[in-house]
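437 is the number that my numbering gives the last residue of the sequence shown; the numbers go up by one with no jumps. Read the structure below first, then the notes.
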Amino acid sequence: MVRKVSLRRMAVITCLLALVTGMFAPTTYADDLSAKKSKITKEISASKGNIAESQAALEAAGAQVEEARARVAQAQIELDAAQAEYDKAEEESQKKAEELRQATIVLTKARAEEDKGQERVDDQRESVANYARSMYQDSLPLISVATLMGAESTSDLANRVQWADTVLSTNQIDLDYLREIQEELVEARLNSQAAQEVANDAKEEADKHTAVMESARDKAEQAHLEVQQALEAEEEARRVAQSALESDQAALASQEAELKKVNAEIAEMARQAEEARKAAAKKSGSSSSGSSGANMAVSSKGLIWPTSGVVTSNYGYRIHPIYNTRQFHDGLDIGAGCGVPIKAVASGRVSQRYYSSGYGYRIFVDHGYVQGRHMVTSYNHMSGYAVANGAKVSQGQTIGYIGTTGTSTGCHLHFMLWVNGSLANPRTYLP
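Quick look at the structure:
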């Protein structure tokens with residue numbers, strides 16, 4: 007703390023000497039603070055870029071989660087439909103199974119009738135065959151002649167004729183019965199075949215509905231599983247994005263707190279320097295001015311335009327052209343073609359230059375005190391540099407070229423201004 011106070015006193019003495027001799031130059035302490043401020047500004051810019059990226063990732067993850075939820079809802083509808091189809095298929099399968107059971111009963115009965123008919127036909131055929139053999143062996147066709155020739159009386163002849171007719175009638179009845187049961191056997195076989203076809207169809211339908219039922223169930227379960235996995239993945243992505251956002255916001259808060267402290271130190275130094283300047287001016291009877299800006303349009307606050315072009319976006323809140331969200335725009339956008347020179351708005355020293363994912367190629371110039379105000383400017387989205395880091399530059403000197411690097415929608419210059427350690431609206435300091 008003692009060392010810091012001593013440095014401040016040395017800074018005031020140096021400022022007084024410079025004012026008296028007309029050779030005002032930045033102090034070592036100012037350089038240290040400017041470098042420290044530039045470093046913190048760089049970190050804050052990077053943090054803001056990280057936050058923007060994290061916020062965009064979080065919003066994208068949230069949108070994906072909502073889409074996943076919609077797919078889950080659709081999958082549930084499909085699952086319900088599949089379940090209804092499954093239930094219907096199961097009911098139909100039970101119906102077909104019952105039809106198959108009844109067809110099997112009919113088939114079993116038909117086959118039993120067929121077997122019974124076959125036995126009756128076989129038995130009757132055996133009876134007819136035995137009768138035919140008996141007729142052949144006993145020469146039964148000649149019974150009628152023998153009967154007529156061997157009759158002893160008219161009544162005996164009548165008895166013989168009656169006996170022969172009875173034998174022949176009985177044979178005819180057996181043959182008719184054989185034909186009848188053969189026809190029944192044929193019908194029983196047809197019924198058995200029909201029952202077999204019905205049973206086969208019933209089994210085929212039952213198997214088909216079982217396959218449909220299982221396919222519907224598997225499809226619904228697989229769809230539900232896949233969507234659940236997608237939902238879990240999207241939830242994890244949002245959790246990671248939220249964690250990254252919170253981490254970036256914490257880092258930004260810490261860096262902004264440090265920048266606030268540095269800004270306060272710069273403001274105090276500027277106040278002391280201003281008091282010393284007034285005292286010296288009163289003593290010498292003259293006042294000091296900022297950069298001359300000869301042959302250039304210099305504003306009342308000592309700055310010139312960094313490039314020629316049209317202002318496409320002002321300093322302040324706006325709808326971000328990429329993220330489509332309301333965000334604070336920390337500079338002035340000047341539209342110009344890529345490669346157009348960029349000029350230093352006032353004399354100073356290049357305190358930092360680097361590449362940022364959000365701001366692209368950027369350069370910082372510490373202008374020291376311009377008309378009593380400590381100013382630092384930043385030029386962003388450049389396509390290239392024209393001066394080295396640490397170089398001293400004059401007002402109007404080319405320091406870089408218009409580009410569209412980083413998060414940019416086209417060739418333009420994003421111009422930023424800090425006055426006494428705080429971001430300021432550049433438009434109010436330009437001609």
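Backbone N, C-alpha and C define an ideal beta-carbon position, used for all residues, glycine too.
Apart from sequence neighbours up to five positions away, the residues of its chain that approach residue 436 with a beta-carbon distance below 7 angstroms are 305, 309, 311, ordered along the chain.
In this structure, residue 343 sits away from residue 405, with a CB-CB distance that is not shorter than 8 angstroms.
Going by C-alpha positions, residue 231 is about 14 angstroms away from residue 88.
Residue 386 sits in a strand when the DSSP states are folded into three classes. CA-CA distance, residue 98 to residue 222, rounds to 14 angstroms. Beta-bridge annotation (DSSP): residue 355 is paired with 372, 398.
Around the beta-carbon of residue 370, 16 or more other beta-carbon atoms lie within 10 Å, marking it buried.
Three or more Cβ pairs closer than 8 angstroms define a contact, and the segment 178-196 falls short of that threshold against the segment 100-109. The closest CA to that of residue 307, considering only 266, 366, 380, is found on 380.
Counting the other Cβ atoms within 10 Å of the Cβ of residue 375 gives 16 or more, which makes it buried. In the three-state DSSP reduction, residue 436 falls in the coil class, being neither helix nor strand. Residue 242 counts as exposed, since fewer than 16 other beta carbons sit within 10 angstroms of its beta carbon.
For residue 424, the enclosing beta strand (DSSP E) begins and ends at 418-425. In terms of CA proximity to residue 70, 233 leads the group 101, 136, 233, 122. Listed in chain order, the non-local C-beta contacts of residue 429 below 8 angstroms within the same chain comprise 336, 422, 423, local neighbours out to five positions each way being set aside. Residue 377 and residue 339 have their C-alpha atoms some 25 angstroms from each other. Assigned with DSSP and collapsed to three states, residue 336 falls in coil, not helix or strand. In summary, residue 357 is buried, with 16 or more beta-carbon neighbours lying within 10 Å of its beta-carbon over all protein chains present.
Residue 130 is a Cβ neighbour of residue 187, given a cutoff of 8 angstroms.
Proximity of the segment 350-368 to the segment 387-394 meets the contact definition, three or more beta-carbon pairs being nearer than 8 angstroms. The alpha carbon of residue 359 has as its nearest neighbour, out of 345, 62, 351, 383, the alpha carbon of 383. Contact between residue 57 and residue 255 holds, with the beta-carbon distance rounding to 6 angstroms and staying under 8 angstroms. For residue 363, the closest alpha carbon among the candidates 395, 414, 334, 199 is that of 414. Membership of residue 349 in the beta strand (DSSP E) is indicated by the continuous run 347-349. It is roughly 8 angstroms from the alpha-carbon of residue 194 to the alpha-carbon of residue 123. When rounded, the separation of the alpha-carbon atoms in residue 49 and residue 412 is 16 angstroms. Of the residues assessed, residue 355 falls on the buried side of the cut-off, its CB having 16 or more other CB atoms within 10 angstroms.
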